[in-house]
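The structure under discussion appears below in the form of structure tokens.
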Amino acid sequence: MTRLKFLCDTDRCIECNACATSCKNEHDVPWGMVRRRVVTINDGEPGEKSIAISCMHCTDAPCVAVCPVSTLYQTDIGVVLHDKDTCIGCGYCFYACPFGAPQFPRATQFGTRGIMDKCTYCAGGPEENGSEAEYSKYGANRIAEGKLPICAEVCSTRALLAGDGDVVAEIYRERVVARGFGSGAWGWKTAYYPEQS
Amino acid sequence: MTDHAGPQKHDAVSHHGRDFKAYRIGAAIVALILALALAWQVFEIFDGDARTVPEVRWGVTTYNGEDIGIQDTASSLLTGTILTDRTTFQAERYQTGPSPEQNRPDYGVVPDTMMTNSPMDDGEKFTESWAIFDDDTGAMLREGQRIIGISSLPYPNAELFERPFARDWRLGIADIATHLGTLAILGMGFILALFLAVRGRVPIAKGRSPRTVKRFTLFERITHWMTSVSFIGLALTGIVLAVGKTLFLPFGEDVLGAVGWISTWGHMMFFPPFALGVVAMAVMWAPGNLPSKIDLNWIRKGGGMLSDEGPHPPAKKFNAGQKAIFWSAVLGGGLMVVTGVTLMFPYVWADLGTLSWAMLIHAIVGLLLISVFIGHVYIGTVGMEGAFWAMWSGRVDRNWAEQHHSIWLERIETHERDGT
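Top line first, the protein sequences correspond to chains A and B.
Sequential numbering from 719 applies to the first sequence in this note's numbering.
Sequential numbering from 305 applies to the second sequence in this note's numbering.
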């Protein structure tokens, strides 16, 4: 059973931001929002690490659970998608997200947030796959074409891996064995194995 | 003058709560309905649907020129095979190229047409199997912790990597706040309906008097009704935002979206008059609502509400129950205004952590306030004979005043005698 995940190898990420840029380009992400971003920890100090983060498409996704209008839903390959036609911009998903993934355009008055936008794992939304309506709201649908997210597929150092969780984990483990070190799968416990202690 | 206080009704003998037959029958019916709603809510807590389960499946409908049914297992399996094969291309370059030593790999299997989505109802097994991991994966896991670095991207919160607290927040809002709030609201309604059915209304023991006494000025009443109407608006729209999915999803996602959108904006529109009213009431009524010793006596005697017999505990203009309502409105309402305004302007003075707490407090206090004010509405209308006119016409029956606010009435009548 295929379960899609993201894994960012912090020992390889060089903070080039190609993932963030190619994502914005691939999906025509509106101004003021970014579906994927790169965070640098301990900048300029020993142990500095960079890591690309977006929606992790969690197991038992908290955003889906708190959405008061059933905008968010999960699919059988793990991808969490959203329906922009029903979103009311309440921001619950944002408070419930462990990775700060939901984005709001803040285009309306009184500081209300506008309709949520987030990483779709390049899998579009509830509109017909590959349709114009889907592209204008959610961006390209690479999954429906049998491809994987653009951010991972453009990653020049192959730090960011996307696809079936078992395969991705295997690639990462082989890599760690070959080079002799690795700091683990950042964010995986919170995202994919919330009930395990 | 009020229409109920006419002398023709003076001798009516309806001095016992149990004599309000129609009220009691109606209340019994309402109590029954609310008992069912309560049972349903308790079932909702324990029905185990708190976990997120997949609702939509992917499928390949044409492959190698052959059509595959959208619900066929094969369509699902092919999706998995295609995506898993594609994943292997991200292995090391010496394995998958492009590299001078390696042939360019082929691109595995690809679907002939776009994959399709269709609804599914057996998602539970996915969530269960996803949460399990083997030893190899276990060795890769890092303990979840709050991690904030820096980011070169100029967006609010871009520097955040991980905050496991969000999962607790989800429990707080989805499992605790909404269920607790619904229980409090339905439970309050049920208890009051049952109380009315068994005990009846709190009557004016001496019957109606031909005289009325001025209790609230026009300004006081306008403030009260402005606040209460906007509170009801905020409560109804707030309930949609809290449990709208349960209430409106049966009517379709579009209805839910529309109701949700109206509620989002409505919630904001009702806020200014509410905030204004809370401030005005605080200034206007705070002096009369300071706690005093006679409140203890009033509370000890249950406000005299439980029985038709015996003298009511004395009270000034506001008794202990009314004081509790007043401070709920002022302190609770004030808290709602502060947290609500904070939520309206994300990041202006509050960061994500503060916003999360503001949201939780807003939800929990809001739902509890609704419950408290159901009690207030009850005692001000059907629960007590003669109480409603205080806020409607501003004048109350003299016997009502004597029964419920003896010290206040005495002072007013003394003033009137001295004045004339």
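Note that the Cβ used here is the ideal one computed from N, Cα and C, for glycine as well.
Residue i bridges to which residues according to DSSP?
i, result
"residue 800 of chain A", "A:790"
"residue 620 of chain B", "Note: residue 620 of chain B sits in no beta bridge, so no partner."
"residue 722 of chain A", "A:882"
"residue 362 of chain B", "B:421"
"residue 701 of chain B", "B:516"
"residue 783 of chain A", "Note: residue 783 of chain A sits in no beta bridge, so no partner."
"residue 770 of chain A", "A:756"
"residue 370 of chain B", "B:367"
"residue 506 of chain B", "B:688"
"residue 445 of chain B", "A:903"
"residue 859 of chain A", "A:841"
"residue 451 of chain B", "B:466"
"residue 835 of chain A", "A:821"
Need the endpoints of the alpha helix (DSSP H) that residue i sits in, please.
i, result
"residue 743 of chain A", "736-745"
"residue 325 of chain B", "325-350"
"residue 464 of chain B", "Counting along the chain, residue 464 of chain B falls outside any alpha helix (DSSP H), though it belongs to the beta strand (DSSP E) covering 464-466."
"residue 680 of chain B", "656-684"
"residue 601 of chain B", "597-604"
"residue 386 of chain B", "377-391"
"residue 434 of chain B", "428-434"
"residue 639 of chain B", "637-648"
"residue 869 of chain A", "868-872"
"residue 571 of chain B", "557-573"
"residue 437 of chain B", "Element bounds for residue 437 of chain B: n/a, residue is neither H nor E."
"residue 529 of chain B", "522-552"
Exposed or buried, which one is residue i when buried takes at least 16 other CB atoms within 10 Å?
i, result
"residue 449 of chain B", "exposed"
"residue 368 of chain B", "exposed"
"residue 727 of chain A", "buried"
"residue 394 of chain B", "buried"
"residue 451 of chain B", "buried"
"residue 762 of chain A", "exposed"
"residue 909 of chain A", "buried"
"residue 813 of chain A", "buried"
"residue 447 of chain B", "exposed"
"residue 581 of chain B", "buried"
"residue 708 of chain B", "buried"
"residue 529 of chain B", "exposed"
"residue 382 of chain B", "buried"
"residue 871 of chain A", "buried"
"residue 683 of chain B", "buried"
"residue 899 of chain A", "exposed"
"residue 852 of chain A", "buried"
"residue 558 of chain B", "exposed"
"residue 719 of chain B", "exposed"
"residue 723 of chain A", "buried"
Could you name the residues of chain B that residue i contacts, counting a contact when the two beta carbons are closer than 7 angstroms?
i, result
"residue 816 of chain A", "466, 467, 468, 470 and 471"
"residue 904 of chain A", "446"
"residue 897 of chain A", "Residues of chain B passing the Cβ test: none, with the nearest at roughly 10 angstroms."
"residue 810 of chain A", "477"
"residue 907 of chain A", "445, 446, 447 and 448"
Which chain A residues are close to residue i, counting only those with a beta carbon under 9 angstroms from its beta carbon?
i, result
"residue 434 of chain B", "719, 721, 777, 778, 796, 883, 910 and 911"
"residue 561 of chain B", "787, 788, 789, 801, 803, 804, 805 and 806"
"residue 459 of chain B", "750, 751, 752, 755 and 821"
"residue 322 of chain B", "Those within 9 angstroms of residue 322 of chain B in chain A number zero; the least Cβ separation is about 43 angstroms."
Determine the chain A residues that contact residue i at a beta-carbon separation under 8 angstroms, and present them in chain order.
i, result
"residue 418 of chain B", "847, 848, 859, 862 and 863"
"residue 380 of chain B", "794"
"residue 384 of chain B", "719, 720, 795 and 882"
Give the interface partners of residue i over in chain A, defined as CB-CB distance under 7 angstroms, in chain order.
i, result
"residue 358 of chain B", "792, 793 and 794"
"residue 660 of chain B", "813"
"residue 565 of chain B", "806"
"residue 414 of chain B", "864"
Run through chain B and tell me which residues come within less than 8 angstroms of residue i, C-beta to C-beta.
i, result
"residue 761 of chain A", "453 and 454"
"residue 886 of chain A", "391 and 394"
Could you check if residue i belongs to the surroundings of the ligand FMN, using beta carbon to heavy atom distance under 7 angstroms?
i, result
"residue 391 of chain B", "Judged by which ligands are present, the structure shown has none, so any question about the ligand FMN falls away."
Quick one: which chain B residues come within Cβ less than 9 angstroms of residue i?
i, result
"residue 890 of chain A", "444"
Taking only beta-carbon positions, decide if residue i is within less than 8 angstroms of chain D.
i, result
"residue 362 of chain B", "Absence of chain D from the displayed structure is noted, the protein chains being A and B."
Relative to chain A, which residues along the segment 332-351 of chain B have a C-beta separation below 9 angstroms, given in chain order? Considering only beta carbons, no part of the segment 332-351 of chain B lies closer than 9 angstroms to chain A.
Looking at chain A, which residues of the segment 387-398 of chain B have a Cβ within less than 7 angstroms of any of its Cβ atoms? Answer in chain order: 387, 388, 390, 391, 392, 394, 395 and 396.
Pull out every residue of the segment 781-801 of chain A whose Cβ sits closer than 9 angstroms to any Cβ of chain B, in chain order. Correct list: 781, 782, 783, 784, 785, 786, 787, 788, 789, 790, 791, 792, 793, 794, 795, 796, 797, 798, 799 and 801.
Contact residues within the segment 531-550 of chain B, judged by C-beta distance below 9 angstroms to chain A: Correct list: 544, 545, 546, 547, 548 and 549.
Which residues, taken in chain order from the segment 727-760 of chain A, show a beta carbon closer than 9 angstroms to some beta carbon of chain B? Within the segment 727-760 of chain A, 733, 735, 738, 750, 751, 752, 755, 756, 757, 758, 759 and 760 place their CB atoms closer than 9 angstroms to a CB of chain B, listed in sequence order.
Could you please tell me which residues of the segment 865-880 of chain A, in chain order, have their CB closer than 7 angstroms to any CB of chain B? Residues of the segment 865-880 of chain A that bring their beta carbon within less than 7 angstroms of a beta carbon in chain B comprise 865, 866, 870, 876 and 879, in sequence order.
Could you name the residues of the segment 632-665 of chain B whose beta carbon sits closer than 9 angstroms to any beta carbon of chain A, in the order they occur along the chain? Only 647, 648, 649, 650, 652, 656, 659, 660, 663 and 664 from the segment 632-665 of chain B bring a Cβ to less than 9 angstroms from some Cβ of chain A.
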